[in-house]
Amino acid sequence: MPAKGEVLIQVKNLQKAFGDHEVLKGINTEIREGEVVAIVGPSGCGKSTFLRSLNLLEVPTGGQILFEGVDITDKSVNINKMREKIGMVFQQFNLFPNMTVKDNIMLAPTRLKVMSKEEASKKADELLKRIGLSEKADARPQQLSGGQQQRIAIVRSLAMNPDVMLFDEPTSALDPEMVGEVLSLMKDLAESGMTMIIVTHEMGFAREVADRVMFINDGVIQEENTPQEFFTNPQHPRLKEFLSKVL
Amino acid sequence: MSFEYSRKSALRLFLFVLAVFLCISIVATPAAAAEEQTFTEKFYQNFIEDDRYKYLVTGLQNTLIITVFSLIMGLVLGALIAIVRTVHDMKGKLKLLNLVARGYLTVIRGTPVLIQLLIIYFVIFASVDIALVPVAIVAFGLNSAAYIAEIIRAGINAVPKGQFEAGSSLGLPFAITMITIILPQAIKNILPALCNEGIVLLKETSVSGYIGLIDLTKGGDIIRSQTYEAFMPYIAVALIYLTVVVVLTHFVKKLEVKLNAS
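Each protein sequence line maps, in turn, to chains A and B. Per my numbering, the very first residue in the first sequence carries number 1; after that it's consecutive. Per my numbering, the very first residue in the second sequence carries number 248; after that it's consecutive.
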C-alpha cells in the first residue's frame, strides 16, 4: 500500500469490553497523513466501536492510541484538545437543532477561541459556499433534507481544521437519492488530501476512494489491503463470505 | 389550530365550573328554618362584614409569595442537584456528592411535605425567632428542589445522546456542551413538567396553616370559624386557587408555544 505521509495515528493492541462482552480484542494498525481508510465488516463486528475509540467517545479498556505521538488513552491528556484535531461525522448527523446552520458551524471555533467571531463567520460562509448551501445559513437544521444536514455536519467538523476526519456510517441514515451528494463531498475531501477513516457499507465508494480497506470481524482486523486486492483477491474465508454477500 | 382550540375549551370549561359553583351555592344555601338567610346576606356576612375578605387577600398574598420564592429556591437547589447527578452519570465523577444528593431525594420524596414543614418549624427553627413565611419558603423550597432536580435530570436525559457526542467530538468541554447544546434543548422537555410542579406547589402550600401561617386556605378557615358558615369561604378559596392555576397554565402554554417555535 502506498506510504503517504507521516504516521498520524498508531493503534496498539486496542481492546474494548462492555462488561463481559469483548468487542475489540486487540486492534493494531497505523493511519498515515493523507490516507483514506475504509472500514467494512458485518454489523456488530466492532467497526463503529473502533472508530469511536479513536476520539475516545468509547474509552478503551486496553491498549494504546497514539495521535500525533501522544497517547490519548492516558488520563492526563486533555482529550478535548485532541478532539479539536479529530473531526467526526455521525450516522444521525447530530446537528444542533437549537441553532442555525451557520451557528452550528461557528460554535466550536468561536467557543474554543480558535478563531475570532469574524474569522469563524468568514470560514462558515466559505464552507457553506463550497457545498452550495449558502442560502441555508440562517435555516434550522430540521428544515433541511438528510443529505443537506449531513453535508453541513461534515463542514461543521471541517471548520475546526482537523488533521483527520472520522466518518461513522455517514450515509446509512440517508434516503438513497441523497447518498450521492454526501459521497461526492467526501470524495472531494479525500482528493484535497484530508486524512479520513470511514466506516461504511458503500463498497463501491470504498473501492473507488479509499487507499486501504480494512475488514474488521470478531473484534480484530482480519484483513487489510489496497481496494484492488481487497475486493478482487480476498484471502480470509470470512472476508470471502462477507464480500460474496454484499457485492 | 388544535392547540388554539384546546386553550379556548379550557377557558370554557373554567367558566362552566365557575357557573356550576355559583348555582350550587345559590341552590344549596340551607333553608334551615329560623334565621333563613339569602345568598346576598351570606355573602355580606362572610366577606364584607368586619372586612373578612381581608383574610383571603392576605392569605392569597402569602400563598403566592411562598409559592414563588420556594419555586425559585427549588429551581436553584434542584438545578445544583441535577448537575451533580448528571455529571456523575455521564462522567463518573462527584461520587460522594451524588450519594448525598440521592439520599436527599429519597428522604424528601419519601416523607409528606407537611411533616417536613412541621419538622423545619418546630424542630429546626424551634429556638429561633423567625417569621412564618420564610420558614414556609424554606420548607417548600427544600421539598420542591427534590422534584425539580429529577425534572431537570429527566429533561437532560431526554436529549439524544448524539447531541452530546457531537459537542464532545468537536472538542467542546463538558460544561460548554451542556450550556450551549444540551440545556437549550432540555428546557423544552423541562418547562411543562416545571409548570406542573409550580401548580402542585401552589396547592401544597395549603398546609401552611399548620404552623399558624395565614395562607389562602387558613384565611378561609378563619372566616369559617367566625361565621360558622363553611360553604361560602371554602368555595371562595377553591375558586381563587382554581383561577390562579388556570391563569398560570394559560401563560405557560403560551411560553411553550414560543419555545417550540424557536
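Beta carbons: idealized from backbone N, C-alpha and C, even for Gly.
Each residue's CA atom was taken as its position, placing H201 (chain A) and V77 (chain A) some 33 Å apart.
With its beta carbon at least 8 Å from every one in chain A, L341 (chain B) lies outside the interface. Here DSSP, grouped into helix, strand and coil, assigns V11 (chain A) to strand.
Here K465 (chain B) is buried, its C-beta having at least 16 other C-beta atoms within 10 Å. At least one CB atom of chain B sits nearer than 8 Å to the CB of F96 (chain A). Between K16 (chain A) and L24 (chain A) a beta carbon distance of about 4 Å is seen, short of the 8 Å cut, so the two are scored as contacting. Under the 8 Å Cβ criterion, the stretch 374-389 of chain B counts as touching the stretch 317-329 of chain B, having at least three qualifying pairs.
Note on geometry: alpha-carbon atoms of E397 (chain B) and E208 (chain A) lie some 51 Å from one another. T427 (chain B) is positioned such that its CB atom lies closer than 8 Å to that of R111 (chain A). Along the stretch 410-430 of chain B, going in chain order, the ones with a CB nearer than 7 Å to a CB of chain A are Q410, E412, A413, S415, S416, L417, G418, L419, P420, I423, T427 and I428.
Ranked by how close their Cα comes to the Cα of G44 (chain A), the residues A:L8, A:M178, A:D218 and A:F230 have A:D218 in first place. A Cβ-Cβ contact shorter than 8 Å links L361 (chain B) with V454 (chain B).
DSSP, reduced to helix, strand and coil, places E6 (chain A) outside both helices and strands of the structure shown, so it counts as coil. For the stretch 26-73 of chain A, the full-length beta strand (DSSP E) segments reaching 3 residues or more read 36-40 and 62-67 along the chain. Chain B places a beta carbon closer than 8 Å to that of N80 (chain A), counting this residue as a contact.
A contact is defined here as three or more CB-CB pairs under 8 Å, and the stretch 150-159 of chain A meets this definition with respect to the stretch 104-121 of chain A.
Against chain A, a Cβ distance below 9 Å from Q432 (chain B) picks out F96, P97 and N98. Going by C-alpha positions, T314 (chain B) is about 16 Å away from A378 (chain B).
With fewer than 16 other beta carbons inside 10 angstroms of its own, R356 (chain B) counts as exposed.
Note on A508 (chain B): under 16 other CB atoms within 10 angstroms of its CB, so exposed under the neighbour-count rule. Counting only runs of 4 or more residues that sit fully inside the stretch 142-178 of chain A, the alpha helix (DSSP H) segments are 146-158, in chain order. One thing to note: L166 (chain A) has its Cβ within 8 Å of the Cβ of L54 (chain A).
Look at A137 (chain A): its C-beta is not under 8 Å from any C-beta on chain B. Counting only runs of 4 or more residues that sit fully inside the stretch 192-240 of chain A, the alpha helix (DSSP H) segments are 203-209 and 227-232, in chain order.
With 16 or more other Cβ atoms inside 10 Å of its own Cβ, S415 (chain B) counts as buried.
By the CB criterion at 8 Å, F215 (chain A) and I221 (chain A) fall inside the cutoff.
E22 (chain A) carries a strand assignment under DSSP once its states are collapsed to helix, strand and coil.
Here the alpha carbon of K500 (chain B) sits roughly 13 Å from the alpha carbon of N436 (chain B).
When DSSP assignments are scanned along the stretch 330-370 of chain B, the uninterrupted stretches of alpha helix (DSSP H) that are 4 or more residues long and fall wholly within it turn out to be 342-357 and 360-366. M115 (chain A) sits in coil when the DSSP states are folded into three classes, being neither helix nor strand.
In the three-state DSSP reduction, V77 (chain A) falls in the coil class, being neither helix nor strand.
Under the DSSP assignment, G402 (chain B) falls in the alpha helix (DSSP H) whose first and last residues are L379 to N404. One alpha carbon belongs to H335 (chain B), the other to G325 (chain B), and they sit about 15 Å apart.
Proximity of chain B to E84 (chain A) at the Cβ level (cut-off 8 Å) is accounted for by L417 and G418, in chain order.
Bounds of the beta strand (DSSP E) holding V89 (chain A) are I86 to V89.
Counting other Cβ atoms within 10 Å of its Cβ, K136 (chain A) reaches 16 or more and is therefore classed as buried.
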